[in-house]
Amino acid sequence: MKNISKGKILTLEEVIPIKDHQTISKKLIDLFNLHILLMSLDQNTSISPEFYAEERLYFVLNGELKFNNERLINNELILFEKNKLFDIEVREKSIFLEIAINLEEEEMKNIDKGKKIKLVDYLDYVDGGIANIDLVSKEGFKLVLVAFDAGEGLKPHKAPGDALVIALEGKAKLLVGDEEVEIESGEQIVFPANVIHNVTAITRFKMMLILSIDK
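Sequential numbering of the sequence shown, starting at 1, is according to UniProt numbering.
Written out as structure tokens, the structure is:
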């Protein structure tokens with residue numbers, strides 16, 4: 001991933017500004033078969049209707065937007081299939097992720113196309129355990145939702161690609177290399193590729209994980 005700091009807790013304001021009357025985008029990943037943009041739009045701006053040759057996922061980090069007639073707010077996600085016409089209207093100052101990727105049907109089996117998903121309600125907590133569900137899974141890319149009961153965690157491990165963690169609910173302690181930090185709802189962190197890390201929930205904790213392996 002590029003244009004985003006790694007290994008430190010980030011707030012949205014640290015990653016991308018929102019400026020009056022402007023649309024701003026930052027490329028986090030720009031590969032032949034995958035791109036991820038972080039975008040900010042001022043209120044009452046819009047993106048005109050367009051067709052795209054690949055699937056598009058939109059995840060609202062802050063604000064309120066309309067995709068066609070579907071209204072999305074913080075921590076809601078929507079997937080549009082390829083060659084689907086849609087537009088974006090911004091109701092208030094907003095920040096969102098756009099993920100463009102070619103997918104086969106079996107690579108997005110846990111997500112309904114064209115319908116918004118409220119991520120904090122999409123996966124239940126399990127007493128004394130950790131639950132996860134793959135929203136998108138293909139070679140070199142995963143989009144995963146994870147729910148930790150309080151006190152539960154993952155053993156330290158490494159990943160072969162950068163992993164963006166978006167905290168959706170609750171609070172957790174993270175190990176990044178030899179540093180420990182805490183993350184809570186509304187914050188993000190990138191675990192750098194091949195650096196040991198883990199997650200341990202302080203309270204019940206939900207997060208979305210975006211893992212990209214650049215081959």
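A virtual CB, placed ideally from N, CA and C, is assigned to each residue, including glycine. All figures in this text were calculated on a predicted structure; none of them were measured in a lab.
Based on DSSP bridge pairs, tell me the residues matched to VAL144.
By 1-based counting over the sequence shown, the position of residue 144 is 144. According to DSSP, VAL144 bridges with ASP134 and LEU209.
Where does the unbroken alpha helix (DSSP H) through GLU13 begin, and where does it stop?
As a working note, residue 13 is residue 13 in the sequence shown. Going by DSSP, GLU13 is part of the alpha helix (DSSP H) stretching over 12-15.
Burial state of LEU97, where buried means 16 or more other Cβ atoms lie within 10 Å:
Here residue 97 refers to the residue found at position 97 of the sequence shown. Label assigned to LEU97: buried.
Counting only the same chain and skipping the five closest in sequence on each side, list residues whose C-beta sits under 7 Å from that of GLU107.
One-based indexing of the sequence shown puts residue 107 at position 107. Counting only Cβ-Cβ distances below 7 Å, and skipping sequence neighbours, we find VAL136, SER137 and LYS138.
Looking at ILE88: is its Cβ nearer than 8 Å to the Cβ of LEU65?
As a working note, residue 88 is residue 88 in the sequence shown. As a working note, residue 65 is residue 65 in the sequence shown. Taking 8 Å as the Cβ cut-off, ILE88 and LEU65 qualify as a contacting pair.
Let me check one thing: in DSSP terms, what residues is ARG56 bridge-paired to?
The residue given as residue 56 occupies position 56 in the sequence shown. Beta-bridge pairing links ARG56 to PHE80 and ALA100.
VAL90 by DSSP, collapsed to three states: which one?
Numbered from its first residue, the sequence shown carries residue 90 at position 90. Residue state, collapsed to three classes: strand.
Indicate whether ASN62 and ASN44 have their beta-carbon atoms separated by less than 8 Å.
Reading the sequence shown from its first residue, position 62 is the one you call residue 62. Reading the sequence shown from its first residue, position 44 is the one you call residue 44. In terms of Cβ geometry, ASN62 and ASN44 do not form a close pair [threshold 8 Å].
What number of angstroms, rounded off, separates the C-alpha of LYS95 from the C-alpha of LEU38?
The residue you call residue 95 lines up with position 95 of the sequence shown. The residue you call residue 38 lines up with position 38 of the sequence shown. It should be noted that the sequence gives Ile, not Lys, for residue 95. Approximately 7 Å, taken between the alpha carbons.
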